[in-house]
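Asker: Chains as they are written, first to last, in the working numbering: chain A, 37 to 334; chain B, 37 to 334.
There are 2 protein chains.
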Amino acid sequence: MGEAMRWMDGFIAVDWGTTNRRGYRIDSSGECPGEFEDGKGILSVPSGGFPAAVAEIRERLGDHPLLLAGMIGSNRGWVEAPYVPCPGGIDELAAALVWPGEREAIVPGMSYVGQGRADVMRGEEVQLLGGVASGLVDPEGFVCHPGTHNKWALLRHGKLQTFGTVMTGELFNLLKEHSILCDLLQGPVEVNDAFRQGVRDAMERELLPASLFGIRAAVLLGQKPKEDAPSYTSGLLIGTDVRIGLTWPLTAQIAVMGRPELTRLYAAAIAESGRETIELDGERCFLAGIGEIAKRIS
Amino acid sequence: MGEAMRWMDGFIAVDWGTTNRRGYRIDSSGECPGEFEDGKGILSVPSGGFPAAVAEIRERLGDHPLLLAGMIGSNRGWVEAPYVPCPGGIDELAAALVWPGEREAIVPGMSYVGQGRADVMRGEEVQLLGGVASGLVDPEGFVCHPGTHNKWALLRHGKLQTFGTVMTGELFNLLKEHSILCDLLQGPVEVNDAFRQGVRDAMERELLPASLFGIRAAVLLGQKPKEDAPSYTSGLLIGTDVRIGLTWPLTAQIAVMGRPELTRLYAAAIAESGRETIELDGERCFLAGIGEIAKRIS
Numbered sequence: 037m038g039e040a041m042r043w044m045d046g047f048i049a050v051d052w053g054t055t056n057r058r059g060y061r062i063d064s065s066g067e068c069p070g071e072f073e074d075g076k077g078i079l080s081v082p083s084g085g086f087p088a089a090v091a092e093i094r095e096r097l098g099d100h101p102l103l104l105a106g107m108i109g110s111n112r113g114w115v116e117a118p119y120v121p122c123p124g125g126i127d128e129l130a131a132a133l134v135w136p137g138e139r140e141a142i143v144p145g146m147s148y149v150g151q152g153r154a155d156v157m158r159g160e161e162v163q164l165l166g167g168v169a170s171g172l173v174d175p176e177g178f179v180c181h182p183g184t185h186n187k188w189a190l191l192r193h194g195k196l197q198t199f200g201t202v203m204t205g206e207l208f209n210l211l212k213e214h215s216i217l218c219d220l221l222q223g224p225v226e227v228n229d230a231f232r233q234g235v236r237d238a239m240e241r242e243l244l245p246a247s248l249f250g251i252r253a254a255v256l257l258g259q260k261p262k263e264d265a266p267s268y269t270s271g272l273l274i275g276t277d278v279r280i281g282l283t284w285p286l287t288a289q290i291a292v293m294g295r296p297e298l299t300r301l302y303a304a305a306i307a308e309s310g311r312e313t314i315e316l317d318g319e320r321c322f323l324a325g326i327g328e329i330a331k332r333i334s
Numbered sequence: 037m038g039e040a041m042r043w044m045d046g047f048i049a050v051d052w053g054t055t056n057r058r059g060y061r062i063d064s065s066g067e068c069p070g071e072f073e074d075g076k077g078i079l080s081v082p083s084g085g086f087p088a089a090v091a092e093i094r095e096r097l098g099d100h101p102l103l104l105a106g107m108i109g110s111n112r113g114w115v116e117a118p119y120v121p122c123p124g125g126i127d128e129l130a131a132a133l134v135w136p137g138e139r140e141a142i143v144p145g146m147s148y149v150g151q152g153r154a155d156v157m158r159g160e161e162v163q164l165l166g167g168v169a170s171g172l173v174d175p176e177g178f179v180c181h182p183g184t185h186n187k188w189a190l191l192r193h194g195k196l197q198t199f200g201t202v203m204t205g206e207l208f209n210l211l212k213e214h215s216i217l218c219d220l221l222q223g224p225v226e227v228n229d230a231f232r233q234g235v236r237d238a239m240e241r242e243l244l245p246a247s248l249f250g251i252r253a254a255v256l257l258g259q260k261p262k263e264d265a266p267s268y269t270s271g272l273l274i275g276t277d278v279r280i281g282l283t284w285p286l287t288a289q290i291a292v293m294g295r296p297e298l299t300r301l302y303a304a305a306i307a308e309s310g311r312e313t314i315e316l317d318g319e320r321c322f323l324a325g326i327g328e329i330a331k332r333i334s
């Protein structure tokens, strides 16, 4: 009970990803008087280095209990937190916390197996369920959560029912950093005519790996301005992603959750299909979700 | 005329790609008494270094005229040889040779613009048209030419009518070398049940960027053996490629041309669709095509 009292006094929430982490000091009233973000994702922490990495977080935000979410619970993280299977909600996540120490808890990811496919997530579940808890997301809604790996998530009775991952962000990064298209993809991605054309091309034709090479050919042959390539390529990839997402059972409105620079692109792409979207800030949803989990620690 | 005589006495043919080159001594009877392959692709040749790289070829194969094909004619090569537009055949290639010196000729690549798309090739045109010239490919046929960038090519009256490129090989390499799937993709690719399942999954559903992440999830959740991942992933990518190719106007039989380790995979994937294939060795077709071009030099 002393331990529970300490959580009610406030805690530190960390969204700890592969390449970045964000820490938040949450006080007893749920406010966030301090936070930081840095590049110390799990891959930068040496073997056995997590206790030190955690101590460093407490040096920055105070000596409080820690609630950690994201890839920190993967097999490359501190302690592996087994996936909670769908359907599941905040209660199921709170019941499956993994405790590396008495004052540190790791939120598990979630998994889906069925319909001939398998999928996993770590981190997005806190945001998705936090969105529901804070009233921003319909408990029967459908959410698009772009990132390195975009998640399409279906909610039922406020729990995560099923979801599907599309490797869009990672494919764009691979093409930009290592492919034959890399010299064409260094410019900014904008929601412009080239982006919308990429979205429409992707929605009309099933030709992604063909269309990609066509970008280079079109520039070489003077059929497309080189400056259009980043936006067009992004449109093509996101359009393919949206085409896949729209094969799901749909609610009237699609919530697009995540970092604003990405939700903007997806909302524009979904709009090309004539669907309505609402953009939600992923950080706000994360804080709502992690707060709900903390309430259940006793 | 003295120059023409010298070509009739024999020449050196080089298939000079981005990362590799193959040289062949062709004698006056069309036989090939000497050849070599090395890693001196165009990207390894320093600026201004092509005369030295060519001299080195003559040191190996003798002091003969050189006929060069492939990326050597690109804007990263020795001298840029502008694309010959479709439709075009051996005569059009021979008429558009570019001469960096009196005894060195570069074969241009080919381009296609139409139907709202653009495409280019450099090197495959010699093989495709060589296949026709040697009677191995139907002058009205349809050819699949796998490589880093697979080409689907439609022939009419023995000329290249149109073609489309699919970035399959490059996508597989990007995933193998740089993606979240890289640790799963290091093993060998075999034509086995996992490969065929990947092909069938790709043909049934339009979900490539979703299915890719699903491979990782399926292994993590114990739904798929890790050893199957390379073959399944290859099947998924090649199946997507074949699905795109089979939307083209088809002849009864599809010629699959190229390196045997790749034509084997594509032939197996095309067979899943119930189509007949014939596998053709790309090197043999290259020698036939380059010989036809040399005959037209006068």
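Don't be surprised by glycine CBs; every beta carbon is placed ideally from N, CA and C.
Everything numeric in this text was worked out from a predicted model, so none of it was measured.
With DSSP run on the structure shown, which of helix, strand or coil describes MET37/A?
Answerer: Its pLDDT being 44, under 50, MET37/A is placed unreliably in this model, and the value from its coordinates should be taken loosely. Looking at MET37/A - three-state DSSP - the assignment turns out to be coil, as it is neither helix nor strand.
Asker: Can you say whether MET37/B is buried or exposed, counting buried as having 16 or more other CB atoms within 10 angstroms of its CB?
Answerer: A caution first: MET37/B carries a pLDDT of 44, below 50, which makes its placement in the model too unreliable to give a value.
Asker: Let me check understanding here. Comparing Cα to Cα, which of PHE249/B, PRO266/B, CYS122/B and VAL143/B lies closest to GLY113/B?
Answerer: The shortest C-alpha separation from GLY113/B is found at VAL143/B.
Asker: What is the DSSP secondary structure of CYS122/B, counted as helix, strand or coil?
Answerer: Coil at CYS122/B, not helix or strand.
Asker: Report the option in ILE216/B, GLY106/B and SER64/B whose CA atom is closest to the CA atom of LEU256/B.
Answerer: That would be ILE216/B, whose Cα lies nearest to the Cα of LEU256/B.
Asker: Any heavy atom of the ligand SAH closer than 6 Å to the beta-carbon of ILE126/A?
Answerer: In the structure shown, the ligand SAH is absent, as is every other ligand, since no ligand is present at all.
Asker: Evaluate contact between the stretch 140-160 of chain B and the stretch 112-131 of chain B, counting only Cβ atoms and requiring at least three cross-stretch pairs below 8 Å.
Answerer: A contact exists between the stretch 140-160 of chain B and the stretch 112-131 of chain B.
Asker: As an exercise, report each continuous beta strand (DSSP E) stretch of at least 3 residues that is fully enclosed by the stretch 49-92 of chain A, in chain order.
Answerer: Counting whole runs of 3 or more residues, the stretch 49-92 of chain A contains the beta strand (DSSP E) stretches 57-63 and 70-74.
Asker: Using a beta-carbon distance cut-off of less than 8 Å, what residues from the stretch 201-234 of chain B approach chain A?
Answerer: Correct list: THR201, VAL202, MET203, THR204, GLU206, LEU207, LEU210, LEU211, GLU213, HIS214, SER215 and ILE216.
Asker: For the alpha helix (DSSP H) holding MET239/B, just list the boundary residues, first then last.
Answerer: Start and end: 229-240.
Asker: Let me make sure I understand the geometry here. Which of GLN222/A, GLU263/A and VAL278/A has the alpha-carbon closest to that of LEU24/A?
Answerer: Residue 24/A is absent from the structure shown; chain A starts at 37 and stops at 334.
Asker: Closer than 6 Å by C-beta to ALA254/B: which residues in its own chain qualify, once you throw out the five before and the five after it? Chain order, please.
Answerer: Only LYS260 meet the Cβ criterion.
Asker: Rounded to whole angstroms, what's the CA-CA distance from LYS212/A to TYR302/B? Just pull it up for me.
Answerer: If you take the alpha carbons of LYS212/A and TYR302/B, they lie about 27 Å apart.
Asker: Could you work out which residues of chain B lie near ILE280/A, taking near to mean beta carbons separated by less than 8 Å?
Answerer: Here the neighbours are GLU242, LEU243, PRO245 and ALA246.
Asker: Among residues of its own chain, excluding the 5 on either side of VAL168/A, which ones have a beta-carbon nearer than 7 Å to its beta-carbon?
Answerer: The residues are PRO175, LEU191 and GLY194.
Asker: Could you work out which residues of chain B lie near ALA305/A, taking near to mean beta carbons separated by less than 8 Å?
Answerer: In chain order: nothing, as chain B lies at least about 14 Å away.
Asker: Label GLY137/B either buried or exposed according to how many other C-beta atoms from any shown protein chain fall within 10 Å of its C-beta, with 16 as the threshold for buried.
Answerer: That one is exposed.
Asker: Alpha carbons only, please: which of SER270/A, ALA89/A and ILE62/A is nearest the one belonging to LEU221/A?
Answerer: Nearest of SER270/A, ALA89/A and ILE62/A to LEU221/A, Cα basis: SER270/A.
Asker: Give the interface partners of ALA254/B over in chain A, defined as CB-CB distance under 9 Å, in chain order.
Answerer: Within 9 Å Cβ-Cβ: VAL149, ARG153, ALA154 and ASP155.
Asker: Any chance you could list the alpha helix (DSSP H) runs of at least 4 consecutive residues sitting entirely within the stretch 130-180 of chain A, in chain order?
Answerer: Within the stretch 130-180 of chain A, the complete alpha helix (DSSP H) runs of at least 4 residues are 160-169.
Asker: Please name the residue in ALA189/A, GLU206/A and ILE306/A whose C-alpha comes closest to that of GLN233/A.
Answerer: Here the closest residue by C-alpha is ILE306/A.
Asker: According to a CB-to-CB cut-off of less than 7 Å, which residues of the stretch 178-203 of chain B neighbour chain A?
Answerer: Listed by position along the chain: HIS185, GLY200, THR201, VAL202 and MET203.
Asker: Please list, in chain order, the chain B residues whose beta carbon lies closer than 7 Å to that of THR269/A.
Answerer: Chain B residues near THR269/A: none, gap ~12 Å exceeds 7 Å.
Asker: Strictly by DSSP, which residues pair up with ASP317/A?
Answerer: ASP317/A is bridged to GLY294/A.
Asker: At the 7 Å Cβ level, is LEU257/A part of the contact set with chain B, yes or no?
Answerer: At least one chain B Cβ lies under 7 Å of LEU257/A.
Asker: Do ALA89/A and ASP51/A have their beta-carbon atoms positioned less than 7 Å apart in this structure?
Answerer: Cβ distance not < 7 Å, so ASP51/A and ALA89/A don't count as in contact.
Asker: With burial defined as no fewer than 16 other Cβ atoms inside 10 Å of the residue's Cβ, what is the status of GLU73/B: buried or exposed?
Answerer: Classification of GLU73/B: exposed, given that the 10 Å Cβ count is below 16.
Asker: With ARG279/A as the anchor, note down where its beta strand (DSSP E) starts and where it stops.
Answerer: That residue, ARG279/A, is in no beta strand (DSSP E); its alpha helix (DSSP H) goes 265-281.
Asker: My guess is that ALA330/A and LEU103/A are in contact by the Cβ rule of under 8 Å, so how many angstroms apart are they, rounded?
Answerer: Confirmed, Cβ separation roughly 6 Å.
Asker: So, for TRP284/A: in the same chain, excluding its five sequence neighbours on each side, which residues have a beta-carbon less than 8 Å away from its beta-carbon?
Answerer: Cβ neighbours of TRP284/A beyond the five flanking positions: PHE178, TRP188, LEU190 and GLY200.
Asker: Suppose the cutoff is 6 Å on Cβ atoms and the five residues either side in sequence are ignored; what does the same chain contact list for VAL149/A look like?
Answerer: Around VAL149/A: no qualifying Cβ.
Asker: Could you give the distance in angstroms between the alpha-carbon of ASP63/A and the alpha-carbon of ASP99/A?
Answerer: Each residue's alpha carbon lies about 12 Å from the other.
Asker: Helix, strand or coil for LYS195/A per DSSP?
Answerer: Reduced to three states, the DSSP call for LYS195/A is strand.
Asker: Please report the residue range of the alpha helix (DSSP H) in which LEU256/B lies.
Answerer: That run of the alpha helix (DSSP H) goes 244-256.
Asker: Can you give me, in chain order, the residues of the stretch 42-76 of chain B that have a beta carbon less than 7 Å from any beta carbon in chain A?
Answerer: Going along the stretch 42-76 of chain B in chain order, one finds no residue with a Cβ nearer than 7 Å to chain A.
Asker: Given that PHE322/A touches chain B, what residues does it touch there, using C-beta distances under 8 Å?
Answerer: Per Cβ cutoff of 8 Å: no residues; PHE322/A is ~21 Å from chain B at best.
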